[in-house]
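Protein chains in written order, with our numbering: chain A, 187 to 296; chain B, 20 to 131.
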């Protein structure tokens with residue numbers, strides 16, 4: 187079973203709009219990370235948020251973490267066509283077990 | 020450019036054939052990983068190597084073997100390929116265990 191599960195599975199927006207996707211998990215975690223995967227490429231690490239953090243920013247990315255709800259969100263502000271990709275969350279639980287979710291496919295149209 | 024290099028990029032095999040997927044990293048990372056990615060399944064860990072000389076099973080190790088040849092190289096072998104192993108395979112590396120930092124571009128493997 188997947189410990190990190192993204193929602194929605196697919197998201198279509200126009201350039202300039204914000205894109206928000208969520209990740210839910212099932213166990214206690216040490217940290218949660220978000221990755222981007224462009225079509226036909228490997229994953230690129232975007233941002234890590236630790237279990238004692240609630241929000242983190244990196245450029246146009248904003249990640250929140252709510253450990254009480256076992257969920258995280260990734261917000262991409264002012265989206266660009268280059269943001270078209272699949273986005274995955276990754277959780278590391280207290281036992282060091284690692285899981286990727288199935289991803290959110292984001293399409294940004296001009 | 021520094022990074023993770025996987026070869027080959029594409030491969031088609033017949034059921035029962037064997038092959039080895041190669042992975043090399045030039046970032047002096049201790050840990051390396053092999054994942055498979057299937058539609059709707061995300062990435063699943065096949066094997067990982069915490070450091071040179073050690074390997075451990077991940078979530079889906081059956082049908083695969085690995086070799087950590089040296090610090091740079093971590094290969095994945097399919098001894099007798101099966102159609103269920105049709106997938107995209109990704110190698111990754113990291114300085115410490117548990118948090119892969121860099122991924123290769125993948126090997127697209129089809130088994131007929």
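Think of the CB as a built atom: it goes at the ideal place given N, C-alpha and C, for glycine as much as any other residue.
* Pull up the distance between the alpha-carbon of residue 294 of chain A and that of residue 212 of chain A, whole angstroms please. => Position 108 of the first chain, counted from the first residue, corresponds to residue 294 of chain A. Position 26 of the first chain, counted from the first residue, corresponds to residue 212 of chain A. If you take the alpha carbons of residue 294 of chain A and residue 212 of chain A, they lie about 30 angstroms apart.
* Rounded straight-line distance, which links the Cα of residue 66 of chain B to that of residue 78 of chain B -> Residue mapping note: residue 78 of chain B aligns to position 59 of the second chain, counting from 1. Residue mapping note: residue 66 of chain B aligns to position 47 of the second chain, counting from 1. Taking the straight line from one Cα to the other gives about 8 angstroms.
* Return yes when the Cβ of residue 277 of chain A is within less than 9 angstroms of the Cβ of residue 209 of chain A, no when it is not. => Position 23 of the first chain, counted from the first residue, corresponds to residue 209 of chain A. Position 91 of the first chain, counted from the first residue, corresponds to residue 277 of chain A. In contact: residue 209 of chain A and residue 277 of chain A (Cβ atoms closer than 9 angstroms).
* **Reference residue 259 of chain A, options A:268, A:223, A:275 and A:199, closest by Cα** => Working through the first chain from its first residue, we reach residue 259 of chain A at position 73. With distances taken between Cα atoms, residue 259 of chain A lies closest to A:275.
* Asked: Using the rule of at least 16 other Cβ atoms within 10 Å of the residue's Cβ for burial, across every protein chain shown, is residue 207 of chain A buried or exposed?
  -> In the first chain, residue 207 of chain A corresponds to position 21, counting from 1. It counts as buried.
* Asked: Nearest-angstrom Cα distance between residue 97 of chain B and residue 224 of chain A?
  -> Within the second chain, numbered from 1, the residue matching residue 97 of chain B stands at position 78. Within the first chain, numbered from 1, the residue matching residue 224 of chain A stands at position 38. Rounded to whole angstroms, residue 97 of chain B to residue 224 of chain A spans 27 angstroms at the Cα level.
* Asked: Which stretch, first to last residue, makes up the beta strand (DSSP E) that contains residue 251 of chain A?
  -> Within the first chain, numbered from 1, the residue matching residue 251 of chain A stands at position 65. Note, residue 251 of chain A: beta strand (DSSP E), 247 to 252.
* Go ahead and label residue 187 of chain A buried or exposed: buried means 16 or more other beta carbons lie within 10 angstroms of its beta carbon, across all protein chains shown. => Against the first chain, residue 187 of chain A aligns to sequence position 1. Because the pLDDT of residue 187 of chain A is 42, which lies under 50, any placement of that residue in the model is unreliable, and the question is left without a value.
* Partner residues on chain A for residue 60 of chain B, Cβ-Cβ distance less than 7 angstroms -> As a first step, residue 60 of chain B must be located in the second chain, where it is residue number 41. Chain A residues near residue 60 of chain B: 288.
* Quick one: does residue 249 of chain A have its CB under 9 angstroms from some CB of chain B? -> By one-based count along the first chain, residue 249 of chain A stands at place 63. No, residue 249 of chain A lies away from the interface with chain B (no Cβ there is under 9 angstroms from its Cβ).
* At a CB-CB cut-off below 9 angstroms, which residues of chain A make contact with residue 118 of chain B? -> As a working mapping, residue 118 of chain B is identified with position 99 in the second chain. In chain order: 217, 219, 231, 234, 276, 278 and 284.
* Would you kindly check if the distance between the Cβ of residue 287 of chain A and the Cβ of residue 203 of chain A is under 9 angstroms? => For the purposes of this step, residue 203 of chain A is taken as the residue at position 17 of the first chain. For the purposes of this step, residue 287 of chain A is taken as the residue at position 101 of the first chain. For residue 203 of chain A and residue 287 of chain A, no; Cβs fall outside 9 angstroms.
* To do: Please decide whether residue 96 of chain B counts as near chain A, where near means a Cβ-Cβ distance under 9 angstroms.
  => As a working note, residue 96 of chain B is residue 77 in the second chain. By this cut-off, residue 96 of chain B is not an interface position.
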